[in-house]
Structure formats: C-alpha cells, structure tokens
Amino acid sequence: MHNDIVNTIHESSLLFSNYEAGSGIKKALEMGRDDILFELKASKLKGRGGAGFPTSTKWMLVAAATGADKFIICNADEGEPGTFKDRVLLMNAPFLILDGMVVGGYTVGAAHGYIYLRGEYVYMRQFLEDCLNEMREKNLLGNNICGKEGFNFDISIVMGAGAYVCGEETALIESLEGQRGEPRNRPPYPVNTGLCGAPTTVNNVETLAAVPHIILMGGEKYAERGTSASSGSKLFSISGDCEKPGVYELNWGITINELLAKVGAYNTKAVQVGGASGICIPKSKFDRKLAYEDVATGGSIMIFNESRKMLHVLKNFMEFFVEESCGQCTPCRIGNQKLLEGVEMIEKNQYTFAHINNLKELGETMKVASKCGLGQSSPNPFLSILEDFKEEIFHAKSDGVYK
Amino acid sequence: MKHLKTSRAPISQKAYVPSAPENVDTIGGTVTVQINSKTMTVPFGTTILEACRMSDIYIPTLCAHEDLGIGGHCRLCLVDVEGMRTLQASCAFPITAPLKVKTSTIAVRKARKHIMELLLSEHVGECYACVKNGNCELQDLAKEMGVDSYMFGHDNVSKYPVDRSSYSVIRDMDKCVNCRRCVRTCIDLQEVGCLEAIGRGAETHIDTFMAKPLAEVVCINCGQCINRCPTGALYANDPSDEIWRAIEDPTKHVVIQTAPSPRAAIGEEFGLEPGISLTKELNTAIKRIGFDKVFDTNFTADLTIMEEGTELLTRIKKAVVDGDESVKLPQFTSCSPGWVKYIEHFYPEYLDHLSSAKSPQQMFGTIIKTFYAEQAGIDPKDIVSVALMPCSAKKFECNRPEMDASGYKDVDYGLTAREMAMMIKEAGMKLPSLPKSDFDNPFGLGSGAGLIFGATGGVMEAALRTVYELVTGREVPFEKLRIEAVRGFEGVKQSSVVLENVVPDWSFLEGVELKFIVAHGTANAKKVMELLKAGELYDVHFIEIMACPGGCLGGGGQPVPTNEKIRKARAKAIYAEEETLPVRKSHENSHVAEFYAKFIPEGPCSHKSHELLHTHYTKRGKFIL
Ligand SMILES: Cc1cc2nc3c(=O)[nH]c(=O)nc-3n(C[C@H](O)[C@H](O)[C@H](O)COP(=O)(O)O)c2cc1C
Ligand code: SF4
Ligand code: SF4
Ligand code: SF4
Ligand code: SF4
Ligand code: FES
C-alpha cells in the first residue's frame, strides 16, 4: 500500500456504512431479473461516471440484447482531474463494488466482468485480487454462484495505461481489446456492440457500489434521498482551497454554498465542478445546486480562492486537454491547441477581441462536432471562465468588442 | 471454403452490420429517412452519407473512403440529425431507425468551415511545390469551402523530416492531415499494419513501428496507402529526373517496357473516364519523349507463363509420379513483388511454395541486358532499362540485390503510371490525341494472355489456357477462352477444372481435378495462407495472389483516385482489348518460341532459364533488426 495516499472520508451516509459482503448478491439471486430491474428503476439511479445515464435502462438494454456473450465492465479509470472518490471506494468498500458487478452480471446475463483499473492504481491490484479470491472461496464468484444453478460469473482486473480518454467507455473497450484507446463511432452503442462486439454495460465504480444497497433497501427507499430528478447520495471529491479536503457522501441537491461551508472554504472565488471538462462556477452563482438537473457532476469539486488567477486555472485545463485528446478527430485535436494558444495570447496581452470571439465560436463548434465527450466538453472551461471572469482576465482593450 | 478469422483491423472500424432481416424486402428491411426536404427509403444500416449520395446531396468528406472501414476522424461530413444533441458524422452513422437529417444548417456549415480551417492551420505545405497539386482532395475542399484566409493561422515550420528511406514510398508527414486512410488501407486491405497513429493529443501523427524508417519495417511497398492519401503526404519515389538525364545522354540507350495496367488507366491522368486503353498512343508518347525502344511487358508475361506453367507441371509430376515429398504444392505465383515481400515477412516458412520464376518485369530486365544487347550489338553497360509499371513495389523489386542476372542491375528504374503521365505532360503532350504506334521488335508481340495479367485472376487464366492445352492438346473448354471462374473482384475465388483425355506425355494427369485459387489484396492473401496453415489446401495445385486490390490495375502506381468502380472499368478495358489481339495464348506467341529457340534452346525451366529467368527469396520475418 502507498503510505502517502490519504483517503479521508469526511461524511458518509450510505456507501461506507456497514455492509455484509455478499448479502446484496444473495438477496439479488432470490429475486428475478425483472424484479432487480424494477428496483433499480424505482431507485432512479443514474450513472455516477459523469454522463448520468439511467442505470436501469442501460442494464435493461443489455439484458434485452441478443448475443452469445455479454460483459459487464467496471470503469475504474478515474482520470478526471480532481476526482479520487473511486479510489477511496475501491480501498474502503471493495465488496460493495464487486457485489454490484455480480448483481449486474446476473441481471444482464453476463458471464464475465472486467475491472478496468487506472494505471496509477496498480498498487491496489493485489488487494483487489485478494478480495476476488475471497469471493471465489465463498462461491460469490465462480460456477453456480450461491447455489444458483447456471449462474456462472467471474471478474478479472485489467490495468489501464494512463490515458484519460480511456475512461470514456468505448475507448475503454478498445483498450481492453488491445487496441489504441480511442473512442468509437456511435451508434452502435456498447449495449449492443461492445467488448469484442458483444453487448456490454460499462458502469462507474460508484454506480456499482450503490446497487447492493438498492437491492437491500429497495429502490423506493433509496430514491427518498436527493431530489426528484437526482436520487440518492453522491460522493464528492473535494480539493483545492479549503480546510477539509477529502471525500464526502452527500445527498444530491446540496448547493455550492452549503458545500463550501461544510468543507471549510473561505474567500472562495470560483468552484470548478466536474473536473477539467466541467464548468467553472463564479461566486455569484454559488446558490446553484449540485444535481443532474442543475450542475451535474461526476463528483470532482475544485475550490479556488481569491488568490488564484483564473487565466492560470484555465491555461492549466487547456494544457490538460491538448495533451489528453486522443488525437483522432480534428475539432478536439487541433481545436484545443487553438484554444490554448488563445489563452497564451491573452496571457501575453497579444490578442484581439475579434480573434477571441472566433475562438469562442470554435469552442461552440467543438461542443457539437467532436467525436466523444472529451472534445465535446473540453471547451467548457474556456467558455465559462472567459465569460464569468472577463473583467479579471481581459485587460483594457480598444480594438474590438468582446461579445 | 472454410473461413478463418484473420483480420486484425479493430472491430470498431468495420462497417456496422446491424441485425436486420436477411431479406431486404421484408418489413424492417428498409428504413425511411428524410434528408432535407426529401424522404427516401434505404436498406437498414445504410450510412447517412450513402443515403445522401443516393439522393445526389453532396457532403464533403476527407477521411471516408469507399474501399476502407469506417473512420469518423475528420468530422467534415457532419450533419444535423433531429433529436441529437451533437452533430453526427454522416460517414459513420448507420441508419437503423427513421431519421430526419439536415445537411446544411448554419451550425453544420460553420462546423465544417472551422474544421477545414483547423486542418489547414497545421498543414505545412505549399501547393505549387507539391506532387498532389491539382489532384489533391484537401486543396479541393479548401476551394469548395471558400477558404480565403487562415482563420486559425497557418503553420509553415516543418515538424517532421521527410522519410525517403524506401525505394517505393516517400512519407512527408508535414502534409498529413491525420485522416488515417493510410492506416486503414494498410490493415483493412493489406493486413500489413505497418502504419499506425502514434502519440496523443497534439502529438498525434502517423508513424511506423518504433518510428523506424519505412525501409526498415514490414512495409511491402504496395503503395496502396499512396493511392488513398488525400494529400501529398505519401507519394512514390520518382526516378523521372534520372530518366530524363539518361535520355539526354547520347551514350545511353534507353529502353522501356510497359506493363498492361498503366495503358488501361493512364488516360485518367488526362481527364478521360476510367476504362479507356491508350496502349498505342502511349507508345507514341514514349518515343516522342526520347526513349530509344518501347517493348511490351506482355512478352515476358508470356514467358512467365511458360516458366511458371512448366514449373507447376514439374512439381505435380514430381509429387504424383516420383512421390517426392519435398515438393511443395500448391504453387504460388510470384509476379507481384508486394505479395512476394508479404510472404517473405509474414509466412517465410512457406517460401518454397512460391514459384521461382521471376516477375515479367525482371525477366525482361535480364533479357534486355543479355539477349537484346547481343542481338542489337549494344554494350549492356550503356543500356538504361526502365519499366513502366502500375506499381510502386516494382521500384523495390528492381533494387533487390539478387536481380543482376545479366551482370548488371537488370532493371534500372521502375516508373509508375502517374510518373509517366507527368513526364508526358512535361514534354508538352496530350496523350489521348496522339497518333498510335506499335511496340518495337524483337519483343513486339505479346499475347492476350499476357495482357490480362493486369487484372486479378489474369495470371491464372493465362496459365490455365496454356497448361490445359499442353496437357490435353485441346483449348480450354470455355467460350471465347473466357475463364469466368477466375474473373471478377471477389476477394478469394476458388475453382477447378478436370483434365481428361490427356496427351501421352502427361498420362499421369488423366482425370485429375486441377484446383486453383485466386486472391487479391494481401488481406485476402492472409485468408488463403491461414487456410494453408490449417491444412485445408492440401489438394489445391496453384494459387495466384496479387498484392493489390483488383490486381495490378489497382496498383500503387496507378492514377488516383481509386475505388471499385474505377478498377472494374479498368478491368473491362483490359478484357475487351485482349479479345481484339491476334494471339491469346502464351504458348502461341511466335516471338516467345523464337526467343527460346535462339537463346534458351533447352526450353523453360532448363539450366540457363533458371540462371536468367528464375530467382530466390529471402526469409525476412516480422522482426527486422
Ligand atoms: C473523456 C472521458 C473520460 C471519462 N472518464 C471516466 C472515468 O474515469 N470513470 C468513469 O466512470 N467514467 C468516465 N467517463 C464516462 C464513461 O464514458 C461512461 O459514461 C461511464 O463509465 C458510464 O458509467 P455510469 O453510467 O455508471 O456513469 C468518461 C467519459 C469521457 C468522455
Ligand atoms: S473528441 Fe478528442 S478524445 Fe474524443 S475522439 Fe475526438 S480527439 Fe479523441
Ligand atoms: S497536400 Fe494538397 S493542399 Fe497540401 S500542399 Fe499539397 S496540394 Fe496543397
Ligand atoms: S506501401 Fe503498402 S504495406 Fe507499405 S505502408 Fe503503404 S499500404 Fe502499408
Ligand atoms: S499520410 Fe495521408 S492518408 Fe495517411 S493520415 Fe496522413 S493524410 Fe491521411
Ligand atoms: S468523412 Fe466522415 S468523419 Fe471524415
């Protein structure tokens, strides 16, 4: 284990509470597949990886798809800057996740599951392998699991190689297949044509961790938490200028102000929600809610106080995208470079508003023209930071109008 | 025939084949799509791009290519699909449900313009100093989209050195737009896979294994990537400057042999429709450029048939009559240098199956500097021997160190059809309007059998016409000698013919079913090789393989663009021309008979013929140190 990695859990209402390993599986195996899907639907659980797709729908699609093989993949690539909640979950509640995978495998009809583990998390591998072996010994993995005739399921761990884009589900699948990790064209979607062409569900670590609890407590009970459109609790990875960084499990719907108070953040100028590809919330909008219907997020919260230069923050994000774009499609590969160049021009005070306005339009194009979520969201910080911090960023200029 | 899974191309790159009813006419076999104001019904799974093309709506494309798997990289072909948050790449979007598509909304047009500007911003190249000037898809697109200034700048600092290591293919990655057609060509069509996207983000570029020079990786020199590159980033290693110099040098006797395929395609470089042969006009142009002699490679194609056919019969005899177990069958053709290098790299343990006969180009090279030099009384050291070929691999082939049977470099330069067209243009001629003239003697006569070498299946057809007749004393039993079973563009063709009432010399072949296979494009060659490896082809006698899709007429030195329609038109022209020729069987070519009588009286596969007309191969393997 790495001693220098601190997994601080500040608040937890559900995910880190006591869970008896295997109990979710046992209960699920007593239920019919349809009943599990029904409970999931009632729970209104949405994907915790960022996209927020209803989990019950995804599983139902895979369950309904035809194919000799089906797969369930746990997305543990956790590459979004500022998130570390999956790491904490994997270390502190591994059986929750693994049980979630088994339940998922049972529900969709998969015989094999993969954990795609972020390359930097290689130190966890042995720990997780030990957990898997423990499950095999208890017949929570293997053939005829818990006596359920015909339900055979096992899990293997595959290491990522350090590319952020491999967290995108189709790039992840390519990487698993041994190809260059690049997002695929869609349609077809993984639920029909996923790993090796077979129907596949890719789920975030945290999504899977919620499943055993939903099975045990019932979907409706789970949905009592949070807001009507964002049910349940969510892990937030808090970092930046605050007294108590770490992981917080909070119900959806909390406002940014409330959150800042909890974590001991003062003189906050801006909060980046959703990592590099998220959006930057200025002080004036701190009353916005963290929820799918307002500010959606995979859980990364970065706090910047008054001492931070927003242009600097923006440059940092753009450098990240210039490097992490997989490079296959034009808008993202070259577009991010152009946006970064724009930031550098502003930094050197060598810009025209005409050009900055062109770049903003380019950003709009990138949002709709890029092939995957990376390029579609990479202009977000550029657009939101330039818009909300224009007074701070732009020096007096007389040669144009900033629109 | 059995099918093994042989493709290494990513699944995601393959055309999406949705599970739809097998019969298109049943309910659900088709879908309705509304494109702009027009509603149409298309087969389930048709891409939006295909649907647009069916209804004559033009969509700009860069990374899409009819011959290749799906890319979806450039994003120029974006369209608006109702109900979708983002624009969709029409080349990569299969229609599986009713859709409403708009192809030229403001957002769509703006996005395309932005993308074009982005591509140009990192395209280091000046059109007037570029091989592709005038036939460049990037240039055309820029013009179409009215690019008049560089909105996002324009790089003119070179980032990558030009790789000139290969005898065949030059790579200038400064001009590359990362469309990855070359990558897909090399894996989808050729199963070589020596080009890949390397690096991430801004660093992404196309490179070879470990960024080695192209000459040091498993590239088979087929040039198929050149034919599909939309820019001037890939081009053939052009020897025309040296050739011009030799022509002006009064001490040099410059001769050229011309292969069948360039004739059927070179007109395309002069604005003609594909499928018009300019054989005799080409002879005139060549003479006017200043070549001393123009010879017909069909002559040595006939020679190849005599040698390769005899070799085949000998192998069968040794195996059947003598019970010699060291004899390898099936025998493979060896006239495609791309295929030869492919098998040397990927299946070196099967090299004994390859016919030892040289390719027609190299046979000619040897003969010109021996027999012809003798006959014409010219010192072979003063002869410059050029080969007009549809092929970039021929450039590599003529530089193989073992190709010096004449005591000199047998063929000095391989010249592609594209480069010849350029020479003709430089000489100020319009090829289509030139008068016609004949080939020079003593090799002026080539049979139709030699001509059809240009199309996939052609070598097999030519060989069968001769072998069947040698063995049975009768013509092949097909109308107008057309052996349809080996014609056409199916990737792997298999057929057989029974030898009955054979002549006494070949009595052991009585009743034998001669089995043969024809494949083109090395991806198909791989399928055949894997079957061979699996022991499935134990009873097959003869296999023709051409490295390029469609055979030589689709070679890496042929005019660009290329697609199946164009290749079919070229094939049609070749088959049509062949039926007009007086001699259509290699063994009936009187010049060939005369040549053997005068020069190799012992006949095909004799000792002398082995010295001059046969070769040996190198076990290269996949790992080159
Ligand atoms: C560039 C990019 C990176 C992503 N990285 C991750 C990641 O590290 N972990 C993750 O769970 N999802 C990531 N996603 C989202 C996945 O594509 C996918 O939506 C998710 O794994 C689905 O699981 P869920 O439905 O449980 O959220 C990423 C998406 C994009 C576009
Ligand atoms: S948007 Fe970026 S990361 Fe996504 S496919 Fe395109 S280049 Fe790759
Ligand atoms: S590749 Fe095309 S656009 Fe580029 S320099 Fe050459 S002709 Fe011009
Ligand atoms: S010449 Fe052929 S083998 Fe070589 S890189 Fe091009 S396509 Fe691949
Ligand atoms: S070399 Fe040519 S074909 Fe290959 S990616 Fe570049 S532009 Fe496209
Ligand atoms: S042509 Fe469709 S994305 Fe390039």
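The listed protein sequences derive, respectively, from chains A and B. My numbering numbers the first residue of the first sequence as 1 and each following residue consecutively. My numbering numbers the first residue of the second sequence as 1001 and each following residue consecutively. All C-beta atoms in this analysis are idealised placements derived from N, C-alpha and C, irrespective of residue type, glycine included. These figures come from a predicted structure and were not determined experimentally.
Boundaries (first-last residue) of the alpha helix (DSSP H) holding residue i
i: P379(A); result: 379–388
i: P1340(B); result: Here residue 1340(B) turns out to be Val, not Pro, going by the sequence shown. Unbroken alpha helix (DSSP H) run through V1340(B): 1337–1346.
i: A1597(B); result: 1590–1599
i: L1312(B); result: 1297–1320
i: Y1468(B); result: 1458–1472
i: M1420(B); result: 1417–1426
i: H1607(B); result: 1607–1613
i: D1241(B); result: 1240–1248
i: F1364(B); result: 1360–1367
i: F1396(B); result: 1393–1397
Endpoints, the beta strand (DSSP E) within which residue i is located
i: Q1190(B); result: It is not in any beta strand (DSSP E) - Q1190(B) carries neither H nor E in the DSSP assignment.
i: H1205(B); result: 1205–1207
i: P282(A); result: 279–282
i: R1171(B); result: 1169–1171
i: S1385(B); result: 1383–1389
i: A1571(B); result: Where A1571(B) is concerned, there is no enclosing beta strand (DSSP E), although the alpha helix (DSSP H) it sits in stretches over 1564–1579.
i: S1236(B); result: First, the amino acid is wrong: residue 1236(B) is Ala here, not Ser. Unbroken beta strand (DSSP E) run through A1236(B): 1234–1236.
i: G74(A); result: The residue you asked about is not Gly; residue 74(A) is Cys in the sequence shown. That run of the beta strand (DSSP E) goes 71–76.
i: P1043(B); result: 1038–1043
i: L1078(B); result: 1078–1081
Residue-level contact to chain B via CB, residue i, 8 Å cutoff
i: L362(A); result: yes
i: S325(A); result: yes
i: T365(A); result: yes
i: N484(A); result: Beyond the ends of chain A as shown, which are 1 and 403, falls residue 484(A); an answer cannot be given.
i: Q376(A); result: yes
i: M1(A); result: In this prediction, M1(A) scores a pLDDT of 47, lower than 50, which makes its location untrustworthy; the coordinate-derived value is nonetheless stated afterwards. No, no contact with chain B.
i: V368(A); result: yes
i: K371(A); result: yes
i: Q350(A); result: no
i: E174(A); result: yes
Below-8 Å beta-carbon distance, residue i vs any chain A residue
i: I1483(B); result: no
i: M1151(B); result: yes
i: A1211(B); result: no
i: L1141(B); result: no
i: T1204(B); result: yes
i: G1199(B); result: yes
i: L1138(B); result: no
i: L1119(B); result: yes
i: S1012(B); result: yes
i: E1122(B); result: yes
Cross-chain neighbours of residue i in chain C, by beta carbon under 7 Å
i: N358(A); result: In summary, chain C is missing from the structure at hand, where the protein chains are A and B.
Residue i Cβ short of 7 Å to ligand 7 heavy atom set
i: C1063(B); result: Ligands in the displayed structure: ligand 1, ligand 2, ligand 3, ligand 4, ligand 5 and ligand 6; ligand 7 is not one of them.
Item to complete: Give the residues from the region 1083–1114 of chain B that approach chain A closer than 8 Å (Cβ to any Cβ), ordered along the chain.
Response: R1085, T1086, L1087, A1089, A1092, F1093, P1094, T1096, A1107, K1110, A1111, H1114
Discussion item. To test your reading of the DSSP string, which unbroken beta strand (DSSP E) runs of 3 or more residues are found completely within the region 311–335 of chain A?
Written reply: none
Worksheet item: At what residue ranges does the region 1090–1121 of chain B contain a whole run of the alpha helix (DSSP H), taking only runs of 4 or more?
Response: 1106–1121
Discussion item. Extract the residue ranges of the alpha helix (DSSP H) inside the region 159–210 of chain A, only unbroken runs of 4 or more that lie entirely within it.
Written reply: 169–176
Worksheet item: Around ligand 4, which residues pass a check of Cβ closer than 6 Å to any of its heavy atoms?
Response: V1169(B), T1185(B), C1186(B), Q1190(B), V1192(B), C1194(B), L1195(B), C1219(B), I1220(B), N1221(B), C1222(B), G1223(B), Q1224(B), C1225(B)
Discussion item. Short of 7 Å Cβ to Cβ, which residues in the region 1027–1055 of chain B face chain A?
Written reply: none
Worksheet item: Given a limit of 7 Å on CB to CB distance, which residues of the region 317–344 of chain A reach chain B?
Response: V322, E323, E324, S325, C326, G327, Q328, C329, T330, P331, R333, I334, G335, Q337, K338
Discussion item. Tell me which residues of the region 194–219 of chain A have at least one Cβ-Cβ distance to chain B shorter than 8 Å, keeping chain order.
Written reply: C196, G197
Practice prompt. Please list the segments of the alpha helix (DSSP H) lying wholly inside the region 239–312 of chain A, counting only runs of 4 or more residues, in order along the chain.
Written response: 256–263
Worksheet item: Of the residues that make up the region 144–165 of chain A, which ones have a beta carbon closer than 7 Å to any beta carbon in chain B?
Response: A163
Fill in: Interface positions of the region 1063–1081 of chain B facing chain A (Cβ-Cβ less than 8 Å), listed along the chain
I1070, G1072, H1073, C1074, R1075, L1076, L1078
Item to complete: Run through the region 1532–1560 of chain B for me and flag every whole beta strand (DSSP E) of 3 or more residues, listed as ranges in chain order.
Response: 1542–1546
Discussion item. Ignoring anything shorter than 3 residues, give me the beta strand (DSSP E) runs that lie fully in the region 39–112 of chain A, in order along the chain.
Written reply: 71–76
Worksheet item: Just the residues with CB closer than 7 Å to a heavy atom of ligand 3, in chain order, which are they?
Response: H1123(B), G1125(B), E1126(B), C1127(B), C1130(B), K1132(B), N1133(B), C1136(B), L1138(B), Q1139(B), A1142(B), K1175(B), T1231(B), G1232(B), A1233(B)
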